[in-house]
Amino acid sequence: MARPVLTVIAGGPETGKSLIAEALVAYRGQAMIARDHVRSLLQHQVDEWVVTLTTFAMARTLLQADVSVCAVGWNLEADDRAGWRELARETGADCRWVQVEAG
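Shown next, in the form of C-alpha cells:
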C-alpha cells in the first residue's frame, strides 16, 4: 500500500489556495482540511493557536488512517513548516508543498 501524502498549500489571502486545493482533492482523492473551515466549525471566537492545534489533530488522525491530506490556508512561517514536516515524518507520510503567489 502506498504511503499517505500530506500536501500543504500556503500563500497570502485571495491567491487561489482553495481553488488549487479543491482541484487537487478532486484529482487525487485527498481529504481537504482548510483553516477557514476549521475556524467556522468551532462556531465561536477562538485563538488562532486553537485553530492550528485542531487542524494538526485532524490531519494526524487522517494520516494515521492512511488517508492523504491536503492542508490549506495561510502564509507559513519556518515553525509552521517544521511542524508539518514533523507530522509527515511521525505518520510516515510523504510531504509536498505548494506555495501560491498572487500575480
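Counting from 1, one number per residue, gives the positions in the sequence shown under UniProt numbering. For every residue, glycine included, the Cβ atom is placed at its ideal position computed from N, Cα and C.
Between the Cα of residue i and those of the options, spot the shortest distance and give me the residue it belongs to.
| i | options | result |
| --- | --- | --- |
| THR7 | ALA102, GLU77, ALA78, GLY73 | GLY73 |
| PHE56 | ALA2, GLY11, GLN43, ALA88 | ALA88 |
| ALA2 | ASP66, SER18, ILE33 | ASP66 |
| ASP36 | LEU24, ARG85, VAL25, THR52 | THR52 |
| ALA102 | GLN43, GLU14, ALA71 | GLU14 |
| THR91 | ASP80, MET58, ALA78 | MET58 |
| ALA10 | GLU86, ASP80, ASP94 | ASP80 |
| LEU62 | SER40, ALA93, LEU24 | ALA93 |
If you follow the beta strand (DSSP E) that residue i is in, where does it begin and where does it stop?
| i | result |
| --- | --- |
| ARG96 | 94 to 100 |
| VAL69 | 69 to 74 |
Can you tell me which of the three DSSP states residue i falls into?
| i | result |
| --- | --- |
| ALA12 | Note that residue 12 corresponds to Gly in the displayed sequence, not to Ala. The answer is coil: DSSP assigns GLY12 none of H, G, I, E or B. |
| residue 126 | Since the first residue of the chain shown is 1 and the last is 103, residue 126 is not available in this structure. |
| ALA2 | coil |
| VAL38 | helix |
| VAL25 | helix |
What are the boundary residues of the alpha helix (DSSP H) that includes residue i?
| i | result |
| --- | --- |
| GLY83 | 78 to 91 |
| VAL50 | 48 to 64 |
Round the Cβ separation of residue i and residue j to the nearest angstrom and send it over; I've been treating them as touching at under 8 Å.
| i | j | result |
| --- | --- | --- |
| GLN45 | VAL69 | The Cβ separation is near 26 Å, so there is no contact. |
| ALA71 | ILE33 | 5 Å |
| VAL98 | GLY16 | Contact doesn't hold; Cβ gap of about 11 Å is too wide. |
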